[in-house]
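Residue numbering for the first sequence follows the working numbering, beginning at 1003 and increasing consecutively.
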Amino acid sequence: MEEVATLSESDRRSRLGALGGPLAPPSTRKEAEARHEREHGLPPLPGAEEGKVVLRLAPFPSGSLHIGNARGLFVNDEYRRRYHGKFYLVFDDTVGSDEKRPILESYDLILNDMASAGVRPDAVYYKSDRLPLYYRDAPRMLELGAAYVCTCVAETLRKNREARVACAERAREPSWQREQWDRMLSGGYAPGEAVVRIKTDMAHPNPAFRDRVLFRISDFDHPRVGTRYRVWPMLEYAFAIDDVELGITHIIRGKDLIMEDLMEEAIWKVLGLRGPVFMHWGLLRIRETKISKSKSYQDVRSGAYDGWSDPRTWGLSSLARRGIRPEALRQFVLSFGLSQSDIEVPAETLYTENRRLLDPTTPRRAFVPRPRRLRVEGMPQELNTVRLANHPERPELGEREVELSDTFFLPEEDLLKNVGREIRLKDLVNVQLPPEIAEGGVADPVSGDGPEVLGQFTTRPNKPIPRIQWVSAKGAVGIDVFTLEQPHLLGVGEASLASVREGQVFQFERFGFARADPQPEDPSRPRRLIFAHP
RNA sequence: GCUCCUGUAGUCUAGUGGUCAAGGAUAGAGGCCUCUCGAGCCUUUGACGCGGGUUCAAAUCCCGCCAGGAGCACCA
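Written out as structure tokens, the structure reads:
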């Protein structure tokens, strides 16, 4: 808090200086307004009334919430906050298809993702609980002649749609339609043998609008309701009913669902209902990711990934596991507003946001990847311990004491880069490196065993030479860092890391930020941390 | 191919006819500071897709073109 206050003050002061003294007070207000705008950079909701806005997020439970879902999560939540409205989580768990099935564990994953993002839904609904509600109005649509039962096989249906040809059943009388509907419900049709379609227009220029399917038969075993139901609504029908039934006022979702708006509207028109306002955002992609949900799913299932929170999934839980703060993610996705163009953003932007949050309060520690043993001849006898600050700019974060001997671990890379030169063990002493260092002698991160490189102590005062982080051989602990590129980057950390607990975040100097995973039972195993970003 | 959407600097975004010789963020360059390749500070490069039109006036409205994207399932 204090940091923020001082920062914004100096920031403000410098800007004011540039603008000229006399205008100072109005400029300050302008600045504050601009800041406010930036932090809540979403347009007003059309027709929104204070306290009466109802929003929903409707994920399909097939995995953890994805970074793309984060946009829906935070945008909707932001509007809830702004208008003091309601925000529901509606599991869009209709039965799916062969390729896309609801997964039982995913319900909890999504709930956890939301909790870790700091967003609490006002209520949670499951479409799989609401089948009777969807059945309620179907007969009416058939009787009104607005929908019909089609018994074409899928391929015929598709071909007819392409050729703009209506099926014979389309014109049949409502009483027949009702019978067929009952037959669908009672098991008289097998999956694939009959569907309910809405009558829109078989000649519509967009093939997607030519008599879409509203209900179909599936005997898949649903993870929540098993085989209790065999007639399942399609997404647009279930939404058309629920969005009205739950009193949703604004549907804010990705533009991939933009066609479904029109279907929902068509259904409302038939049933004489009035639905919410639609708004859309374009697709958001993180440049570094080439992930597909099904690929992630496979890798999680096969064990190639370390669970749903494997950093390579880029799921919300994986970001939390890396120490990406929900507030950083929130600022990140809200900064894109509600633009409908598809965007591809470098992860660096998210990292910068997170660094701003983390840097002022995160303790510094020494971690040495690919460590080499360095014995320093002539180390001053009296140098048994050294006290190091936990944060270079914030003495209030305290310091820790490190025990010393004449042996250290240093990154192989830095050693090889500086052969024959003098380097500084950061905050400690200066050391002359030998003229030659053999490659390939990386020490075992747990035992610390490995060939020694021999250095020579020179002086103690700070000098403008390469300053390398080091880990004292006394009390060094094995560290296993999970980076996006390397699931197990092994190294050693300073003794104080022996007692890390899950959730602690450190900045490893000259390496980057990392968050501690749950630690292994066996204390001789390396401590586990997940890399966030430099 | 059809339908729809979108085009502001490397990237993201503000901008809804004049106050825009276009603002912010991020990235880049240079410098300062710093016992981290982190943070901070200063300076700086850089954009309205193209062509017409309407208007006293267009990033903003209209038309055409071009480019990009999404959708075109008995998935969501």
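Glycine is no exception: its CB is placed at the ideal position from the N, C-alpha and C atoms.
Rounded to whole angstroms, the Cβ separation of proline 1436 and valine 1455 is 7 Å, and the two are in contact under 8 Å. CA-to-CA, the gap between glutamine 1179 and methionine 1143 works out to about 10 Å. Taking all protein chains shown into account, proline 1466 has fewer than 16 neighbouring C-beta atoms within 10 Å of its C-beta and is therefore exposed. Under the three-state reduction of DSSP output, arginine 1138 falls in the helix class.
Our two residues, isoleucine 1069 and alanine 1060, have alpha carbons roughly 15 Å apart in a direct line. Between alanine 1165 and methionine 1204, the CB-CB gap reaches or exceeds 7 Å.
Rounded to the nearest angstrom, the gap between the Cα atoms of phenylalanine 1410 and glycine 1400 is 24 Å.
In terms of Cα proximity to glutamate 1496, the closest of Ser1298, Lys1476, Glu1487 and Val1198 is Lys1476. C-alpha of glutamate 1504 to C-alpha of glutamate 1415: approximately 29 Å in a straight line. Taking one beta carbon from each stretch, the region 1070-1085 and the region 1328-1335 have 3 or more pairs nearer than 8 Å; the two touch.
A straight-line Cα-Cα distance of about 5 Å links proline 1348 and arginine 1289.
In this structure, arginine 1163 sits near proline 1209, with a CB-CB distance shorter than 7 Å. Excluding its 5 nearest sequence neighbours in each direction, isoleucine 1345 has C-beta neighbours in its own chain below 8 Å: Gly1284, Leu1285, Leu1286, Arg1287 and Phe1338, listed in chain order. Rounded to the nearest angstrom, the gap between the Cα atoms of glutamine 1458 and glutamine 1521 is 37 Å. With 16 or more neighbouring CB atoms inside 10 Å of its own CB, threonine 1251 falls in the buried class. For a cut-off of 8 Å, the C-beta gap from tyrosine 1128 to phenylalanine 1093 is around 5 Å, short enough to register as a contact. The region 1301-1311 makes no contact with the region 1238-1251: fewer than 3 CB pairs, one atom from each, lie closer than 8 Å. A distance below 7 Å between beta-carbons, with the five flanking residues on each side excluded, links serine 1320 to the following residues of its chain, in chain order: Ser1311, Asp1312 and Pro1313. Under the criterion of beta carbons closer than 8 Å, valine 1056 and lysine 1088 qualify as touching, at roughly 5 Å. Judged by their CB atoms, tyrosine 1299 and histidine 1535 are not nearer to each other than the 7 Å cut-off. Beta-bridge partners of cysteine 1152 (DSSP): Val1197. Take threonine 1291, set aside five residues on each side of it, and the residues of its chain with a beta-carbon closer than 6 Å to its own are Trp1316, in chain order. When Cβ pairs closer than 8 Å are counted between the two stretches, the region 1354-1371 is seen to touch the region 1467-1474, the count reaching three or more.
Residue pairing by DSSP places isoleucine 1470 opposite Leu1427 in a beta bridge. For the options Leu1146, Val1151, Tyr1150 and Leu1075, the alpha carbon positioned closest to that of proline 1123 is the one of Leu1075. DSSP, reduced to helix, strand and coil, places phenylalanine 1222 outside both helices and strands of the structure shown, so it counts as coil. Judged by DSSP secondary structure, asparagine 1432 falls within the beta strand (DSSP E) whose first and last residues are 1432-1434. Between histidine 1224 and serine 1130, the C-beta spacing is below 7 Å. For the pair leucine 1360 and alanine 1140, the Cα-to-Cα distance works out to about 53 Å. Alanine 1500 and isoleucine 1260 have their C-alpha atoms spaced approximately 52 Å apart.
Taking 7 Å as the cut-off, the beta carbon of histidine 1393 is found closer than this to the beta carbon of arginine 1366.
In this structure, valine 1388 sits away from aspartate 1408, with a CB-CB distance that is not shorter than 7 Å. Nearest Cα to arginine 1172 within the set Met1186, Trp1183, Leu1216 and Lys1201: Lys1201.
Approximately 32 Å separates the beta-carbon atoms of leucine 1111 and glycine 1053; this is outside 8 Å, ruling out the contact.
If only uninterrupted alpha helix (DSSP H) runs of at least 4 residues are considered, those enclosed by the region 1210-1297 are 1237-1247 and 1260-1273. Assignment of beta-bridge partners to alanine 1060 by DSSP yields no partner.
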